[in-house]
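Working notes, beginning with the structure itself.
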Amino acid sequence: MSSPGDFELNGDIAKQLKRNDQGLVPAIAQAESGEVLMMAWMDDHALAHTLATRKATYFSRSRNEYWVKGETSGNTQEVLGVRLDCDGDTILLTVRQRRGACHTGDRTCFDATDLLGGQP
1 MSSPGDFELN
11 GDIAKQLKRN
21 DQGLVPAIAQ
31 AESGEVLMMA
41 WMDDHALAHT
51 LATRKATYFS
61 RSRNEYWVKG
71 ETSGNTQEVL
81 GVRLDCDGDT
91 ILLTVRQRRG
101 ACHTGDRTCF
111 DATDLLGGQP
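Reminder that position 103 of the sequence shown reads as 103 in full-length UniProt numbering, one-by-one numbering, no gaps.
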């Protein structure tokens, strides 16, 4: 089985990306319904692997390694669409989420408590 690091991003797509100093771009995973599920980081290889396999693949800054969402937990993200924002500095994945997106098991990584005091 190939590692995400073995995948090369199409040059036309790579030219559109604006990366941070570590070569990473934030990626937002959004359910088909529009619900925002999580944010993680991608580099060119993670994005190339995601596009080739339709499995959401991210780069862990803390572990300094690639991870395919759900590969160990079973909480997979089947990628249905991939878009860049107008500046090329954020990636939006539309995914079909299986079980929770958050490592805590919750559907979303975003706290249900509104910091402004309102209801979710």
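Ideal placement from N, C-alpha and C gives every residue a C-beta, glycine not left out.
Query                                                                                                      : Result
Among T72, A40, G70, the one whose alpha carbon lies nearest that of N64                                   : A40
contact_flag[the region 4-24, the region 43-51] where n(CB pairs < 8 Å) is 3 or more                       : yes
Inter-residue spacing [alpha-carbon to alpha-carbon] between T72 and G23                                   : 26 Å
Outcome for K18 when other beta-carbon atoms lying within 10 angstroms are tallied against a minimum of 16 : exposed
Assumed close pair Y66, P26 - CB separation to whole angstroms, cut-off 8 Å                                : At roughly 16 Å, the Cβ-Cβ gap does not stay under 8 Å, so Y66 and P26 are not in contact.
Beta-carbon proximity of A29 to V95, cut-off 7 Å                                                           : yes
CA-to-CA distance, D12 to A31, given in whole angstroms                                                    : 27 Å
Nearest to S2 (by Cα), restricted to the options L37, S33, N20, T50                                        : T50
CB contact flag (Q16, G88, <7 Å)                                                                           : yes
Endpoints, beta strand (DSSP E) assigned at T94                                                            : 91-97
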